[in-house]
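In our numbering, the protein residues as written are 60 to 269.
Take a look at the structure:
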């Protein structure tokens with residue numbers, strides 16, 4: 060969907076681009092393409108990857124974007140930590156679109172609770188919360204859809220790799236701290252063949268009225 064949108068606009072902004080992986084895979088980049096990233100190692104990585112394709116990479120947090128109002132036809136973000144809907148609306152041109160795949164509520168909850176115990180219910184990442192915030196910022200939500208995806212871990216080493224990569228799943232994770240729980244998970248995987256969790260995602264497409 061993003062590739063199709065990017066092919067027909069003249070300006071694109073990718074927020075929280077990470078290492079620029081998403082933009083680098085698009086077959087066509089608009090004449091004006093920019094990306095933001097706040098973590099310095101990723102800023103350097105994204106710059107190396109994207110400058111050769113004519114895209115600008117800017118070190119910035121989403122709550123204060125260093126761009127003029129009504130600059131971009133399309134703003135995108137994949138798995139943003141937070142979404143500053145007011146800033147998204149500000150930098151979009153009238154008729155411009157925001158397209159984002161976001162982490163849904165209780166994603167990988169089974170994995171979190173295996174290590175940390177029961178967690179309180181929260182609506183912070185609920186799709187309808189995103190709709191309400193987008194609407195409050197002056198955007199019109201044209202598409203909002205969610206998905207619950209099954210994730211299977213067939214060995215405990217894969218779990219360790221995942222928890223070191225996606226650090227908010229178990230924020231204080233280390234092998235030493237959770238050695239007993241990892242041993243228990245290892246036995247459970249040997250007994251059942253895998254440990255199963257569920258990732259939640261939702262897609263939101265919003266338009267700035269013209």
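Virtual Cβ for every residue (Gly too), placed ideally from N, Cα, C. Being a predicted model, the structure only gives us computed values, none of them experimental.
Ranking 160, 226 and 124 by CA distance to the CA of residue 96 puts 124 first. Relative to the Cα of residue 104, the nearest Cα in the group 122, 87 and 82 belongs to 82.
In the DSSP assignment, residue 226 falls outside any alpha helix (DSSP H), carrying neither H nor E. The C-beta separation of residue 106 from residue 88 comes to about 15 angstroms, leaving the pair out of contact by the 8 angstroms criterion.
Taken atom to atom, the span from the alpha-carbon of residue 142 to that of residue 206 is near 19 angstroms. Contact check for residue 86 against residue 114 fails: the beta carbons are separated by 9 angstroms or more. Bounds of any beta strand (DSSP E) do not take in residue 122, whose DSSP letter is neither H nor E.
Looking at the DSSP output, residue 205 bridges to 261.
In the three-state scheme derived from DSSP, where H, G and I count as helix and E and B as strand, residue 83 is classed as helix. About 7 angstroms separates the Cβ atoms of residue 129 and residue 151, confirming a contact at the 8 angstroms cut-off.
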